[in-house]
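Heads up, the sequence shown is in full-length UniProt numbering, so the first residue is 1 and it goes up one at a time. Working notes for the structure below.
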Amino acid sequence: MAVSVAHSTTCRERSSWRRRRNVKTSRSEAVAPDIATIFVGPVRPLQLEDLQRIIDCACTQLQLAHVQRARQLAAQQFAPFQALAESDVRAAVVFGVVPPSEEHLPIAARVESALKRHLLLELGQALSMVGSHELAAQTLRQLADVFVDFHGVRARLESALPAVAAEPRARHFEREVFKHWGEALVRATGNSGPNSAAMAVYHLATSRGVYQHHLQRPLDHLDRRLECRPFWDANELPAALALEAHSKEILSELLGLLQSGQQHFTNYESRVVSAGGWSDVQLYAGCRLDQANCKLCPVTARIISSRPEFNTVVHGSHFFSCLTPGTHLEPHCGPSNYRLRCHLGLVIPEGVRIRVGTEIRKWEPGKCLVFDDSFEHEVWHEGNEDRIVLICDMWHPALDVANTVYPALSHKQREAFDHACNGTHLPLQERVYSTGTTVSRNA
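So, in structure tokens, the structure goes:
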């Protein structure tokens with residue numbers, strides 16, 4: 001089936017200094033010499049004098065906004081367990097906001113140390129942003145070693161505090177460090193394969209307990225109690241079977257959009273798109289609906305909203321997704337293992353395939369391909385026509401939404417979730433895709 005997709009305004013990843021560009025600037029020459037002097041000689045755990053020199057460099061070389069951002073990150077990460085840290089530092093060590101080596105420091109010193117670590121993380125990302133990828137990787141490597149459990153302190157505390165160890169947000173900071181360390185190595189070497197330096201970093205993180213599988217690397221939530229496998233059988237999932245049962249109606253609405261002569265698909269840029277084009281028609285995101293698009297696709301919208309597995313996924317999205325010929329989506333991981341991602345094949349030409357973990361599969365028209373997008377995945381489109389699927393995020397079938405997800409939601413997320421549970425939806429404000437990136441439409 002030959003189809004042509006008209007595209008409207010471009011969606012871009014929200015502008016941020018974190019967005020990396022391989023552009024040389026005067027800042028790279030200013031930062032690199034100062035930081036390089038810290039890491040002369042063999043790699044070793046960071047010492048206090050190292051941290052002080054790094055913080056001094058960060059405060060003088062980074063923009064004020066970067067320092068403020070680091071302070072916010074430190075405060076946000078430390079706040080949920082600050083009370084616990086004051087009364088029982090063991091929980092803070094298990095949660096990952098206090099390294100095992102700082103267990104006996106006073107609270108003020110631990111907070112100050114957390115700020116320094118966040119500034120170092122910001123500095124590592126800034127170095128990568130200006131093209132100093134090798135130095136960024138070296139900086140992040142040193143930061144990762146801060147949390148090494150040399151004397152088995154964390155292991156013993158995890159046994160004593162299993163509920164804290166199982167918290168999906170535990171060790172978030174370490175996950176972020178390893179994520180950016182690996183990405184810096186990919187950019188430095190141009191290699192993300194199984195024998196790459198980046199993959200060695202992910203294996204190291206797994207050996208330290210940061211991940212449970214080197215190819216499953218969600219940043220936001222990692223619930224270790226959930227079954228861990230890349231692909232899922234649609235026959236196990238009633239919501240996926242419901243999509244397949246209505247695939248002809250959904251395809252009919254899609255073709256209506258394509259044949260209307262109007263530009264309904266919206267292009268957006270993402271760092272994972274190394275070639276080609278990726279666009280969408282958004283229906284729901286974060287339990288909120290795009291009113292205009294849902295009116296254009298009432299049957300599809302109704303099917304999604306009628307299934308609680310889809311309807312209440314506050315950490316997910318539902319949209320028609322189009323890839324143009326020649327598109328390559330680089331290896332990337334979704335932000336959470338709370339969800340599974342369901343692709344209903346609609347317009348499927350030859351030459352398109354997806355890798356999740358180590359397995360490569362193809363889409364089929366009218367069939368659902370379901371996978372855990374917290375696993376590393378990659379897409380190639382080597383065909384001659386656009387590939388279009390309906391993407392629907394669903395909760396992991398073993399997830400305890402009420403006790404695991406809901407208590408950690410923000411006020412706005414709870415508001416959207418509660419409305420969705422009651423059969424209504426608030427209007428869509430922003431969108432979060434599998435990359436974990438929030439994007440918004442340009443005016």
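Beta carbons are placed, not taken as given, at the ideal position from N, Cα and C, and that holds for glycine.
With a 10 Å radius around its C-beta and 16 neighbouring C-beta atoms as the bar for buried, classify residue i as buried or exposed.
i, result
"residue 388", "buried"
"residue 148", "exposed"
"residue 302", "exposed"
"residue 123", "buried"
"residue 385", "buried"
"residue 428", "buried"
"residue 24", "Reliability fails at residue 24, whose pLDDT of 33 lies under 50, so the model's placement of it is uncertain and no value is given."
"residue 334", "buried"
"residue 362", "exposed"
"residue 152", "exposed"
"residue 167", "buried"
"residue 125", "buried"
"residue 321", "buried"
"residue 113", "buried"
"residue 192", "buried"
"residue 252", "exposed"
"residue 247", "buried"
"residue 261", "exposed"
"residue 454", "This structure cannot settle anything about residue 454, because the visible part of the chain is limited to 1 through 443."
"residue 332", "buried"
"residue 225", "exposed"
"residue 100", "buried"
"residue 236", "exposed"
"residue 364", "exposed"
"residue 299", "exposed"
"residue 412", "exposed"
So, at 6 Å on beta carbons, what are the nonlocal neighbours of residue i in its own chain, with the 5 sequence-adjacent residues on each side left out?
i, result
"residue 211", "205 and 217"
"residue 158", "94 and 165"
"residue 330", "272 and 274"
"residue 328", "274, 275 and 380"
"residue 133", "184, 187 and 188"
"residue 220", "335 and 336"
"residue 198", "182, 185, 186 and 192"
For residue i and chain C, any beta-carbon pair shorter than 9 Å?
i, result
"residue 375", "The chain inventory of the structure shown lacks chain C, comprising one protein chain alone."
I'd like the list of long-range same chain contacts for residue i, defined as Cβ closer than 7 Å, with 5 residues on each side in sequence excluded.
i, result
"residue 137", "181, 184, 185 and 188"
"residue 89", "98 and 103"
"residue 155", "149"
"residue 307", "239 and 242"
"residue 139", "35, 120, 123, 124 and 127"
"residue 326", "275, 276 and 381"
Just reading off the beta strand (DSSP E) that residue i is part of, what are its end residues?
i, result
"residue 309", "It is not in any beta strand (DSSP E) - residue 309 instead sits in the alpha helix (DSSP H) that spans 308 to 311."
"residue 359", "359 to 361"
"residue 282", "278 to 285"
"residue 343", "339 to 347"
"residue 274", "273 to 275"
"residue 370", "368 to 371"
"residue 330", "328 to 332"
"residue 318", "317 to 323"
"residue 265", "265 to 268"
"residue 356", "352 to 356"
In the DSSP assignment, find the alpha helix (DSSP H) that holds residue i and state where it starts and stops.
i, result
"residue 293", "291 to 296"
"residue 259", "247 to 259"
If you drop the 5 nearest sequence neighbours on each side, which residues of the same chain put their C-beta closer than 8 Å to that of residue i?
i, result
"residue 36", "Because the pLDDT at residue 36 is just 40, under 50, the model does not fix this residue reliably, and the point stays unresolved."
"residue 417", "287, 312, 314, 406 and 409"
"residue 196", "185, 186 and 189"
"residue 419", "287, 425 and 426"
Consider the C-beta atom of residue i and the heavy atoms of the ligand NAP; say whether any pair is separated by less than 8 Å.
i, result
"residue 275", "Of ligands this structure carries none, so the ligand NAP is not represented either."
Sufficient close CB pairs (3 or more, under 8 Å) joining the segment 338 to 353 to the segment 312 to 329: yes
Cβ contact check for the segment 162 to 173 and the segment 94 to 108: 3 or more pairs under 8 Å: yes
Alpha helix (DSSP H) runs contained entirely in the segment 153 to 238, provided each spans 4 or more residues: Under the rule that a run must span 4 or more residues, the alpha helix (DSSP H) segments found entirely inside the segment 153 to 238 read 153 to 160, 162 to 166, 172 to 189 and 197 to 207.
The segment 289 to 296 in contact with the segment 235 to 244 per 3-pair CB rule at 8 Å: no
Segment contact, 8 Å Cβ cut-off, at least three pairs: the segment 348 to 361 with the segment 397 to 407: no
Complete runs of the beta strand (DSSP E) confined to the segment 380 to 428 [at least 3 residues]: 387 to 395
Contact between the segment 216 to 235 and the segment 368 to 379 (3+ Cβ pairs under 8 Å): yes
Contact between the segment 413 to 428 and the segment 261 to 271 (3+ Cβ pairs under 8 Å): The answer is no - the segment 261 to 271 does not touch the segment 413 to 428, with fewer than three Cβ pairs under 8 Å.
Segments of 4+ residues assigned as alpha helix (DSSP H) that fall wholly inside the segment 87 to 152: 89 to 95, 107 to 129 and 133 to 145
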